[in-house]
Amino acid sequence: MNDVETIYTQYEDIVSEFTEQVIKNQYASLYRECTAFLESLGVSDHTRIDKAILTHTVMDYFTDISRMKEFHHVKHISERKALAYETYWILRRKPIQVMINNGNEEFWAFLNEKFSFTRIASFLTREQKSVILDEASKKTFLSFLDTLYYFLKYRTLDPKTLELVIMGFQTGQMVHE
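Note that the sequence shown covers residues 110 to 286 in this note's numbering.
What follows is the structure in structure tokens.
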């Protein structure tokens, strides 16, 4: 009989389904994104990316995707759904670790949330880079971003809720056009 830890750490089926290369690529991509994010904040010397935690983040993501694909009988998932599940596992596992805290507790406490926030915001605005918002739209957009960041920091969330938030924003973009 397998104990919970053995079952949890056996990812052979996931590796077989997605291939080792796809999983390594996902890990490398997230690692690069984390590194670029930390460098952009100028905090690389104060933080580290825990490789074991990031590995579990990626494997948990693929495990969820596998279950979802099997349950819904689909071969591919949307980018929106992928982002929601990645975000969920980043926030659950917290691969960005603070090594040196220089006093700003709020800043250091929520680095994984800030990283996740920037990924979602980038995804939502990737096709809107040249759009100039009027003042009312700008105010509404900034309010949405503030609320999203608050939500990531303080609310209990799951991948389905994150997907709904992303979908809701995208729907608003279509209606606005």
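Just so it is clear, CB atoms sit at the ideal spot from N, CA and C, and this is done for glycine as well.
Self-check item: serine 125 classed as buried or exposed, judged by whether at least 16 other C-beta atoms fall within 10 angstroms
Solution: exposed
Self-check item: isoleucine 123 versus phenylalanine 224: straight-line alpha-carbon distance, rounded
Solution: Isoleucine 123 and phenylalanine 224: Cα-Cα distance of roughly 26 Å.
Quiz prompt | C-alpha gap between phenylalanine 278 and leucine 233, whole angstroms | solution = Looking at the two C-alpha atoms, the distance is approximately 8 Å.
Quiz item: Where are the alpha helix (DSSP H) runs, 4 residues long or more, that stay fully inside the stretch 214–254, in chain order?
Solution: 214–218 and 220–234
Exercise. Report the option in Ile174, Glu188 and Arg189 whose CA atom is closest to the CA atom of histidine 182.
Key: It is Ile174 whose Cα lies nearest to the Cα of histidine 182.
Self-check item: Buried or exposed by the 16-neighbour rule on C-beta atoms within 10 Å, applied to aspartate 243
Solution: exposed
Quiz item: Just how far apart, CA to CA, sit leucine 163 and isoleucine 241?
Solution: 37 Å
Quiz prompt | Per-residue DSSP class, three states only, for isoleucine 209 | solution = coil
Quiz item: Do you know offhand how far serine 231's Cα is from isoleucine 275's?
Solution: 11 Å
Quiz item: Count the other CB atoms within 10 Å of the CB of lysine 269; is the residue buried (16 or more) or exposed (fewer)?
Solution: exposed
Quiz item: Where do the N-terminal and C-terminal ends of the alpha helix (DSSP H) with arginine 141 fall, by residue?
Solution: 129–150
Quiz item: Of all the options Asn221, Arg176 and Arg235, which has the alpha carbon lying nearest to the alpha carbon of tyrosine 263?
Solution: Asn221
Quiz item: Contact check, aspartate 280 vs isoleucine 229 under 8 Å by CB: the rounded distance?
Solution: Strictly speaking, residue 280 in this sequence is threonine, with aspartate absent from that position. For threonine 280 against isoleucine 229, the beta-carbon gap comes to about 15 Å, at or over 8 Å, which does not count as contact.
Quiz item: Residues in its own chain within less than 8 Å of leucine 266 by CB, not counting five upstream and five downstream?
Solution: Tyr197, Leu200 and Phe260
Exercise. Please work out which residues of its chain come closer than 7 Å, Cβ to Cβ, to threonine 288, disregarding the five sequence neighbours upstream and downstream, and give them in chain order.
Key: With the chain covering 110 to 286 only, the question about residue 288 has no answer from this structure.
Quiz item: Relative to the C-alpha of alanine 137, which residue among Lys160, Glu215 and Asp154 is closest?
Solution: Lys160
Self-check item: isoleucine 158: first and last residue of the uninterrupted beta strand (DSSP E) it sits in
Solution: 156–158
Exercise. Compute the distance between the beta-carbons of alanine 193 and glutamate 272, then report whether it is under 8 Å.
Key: yes
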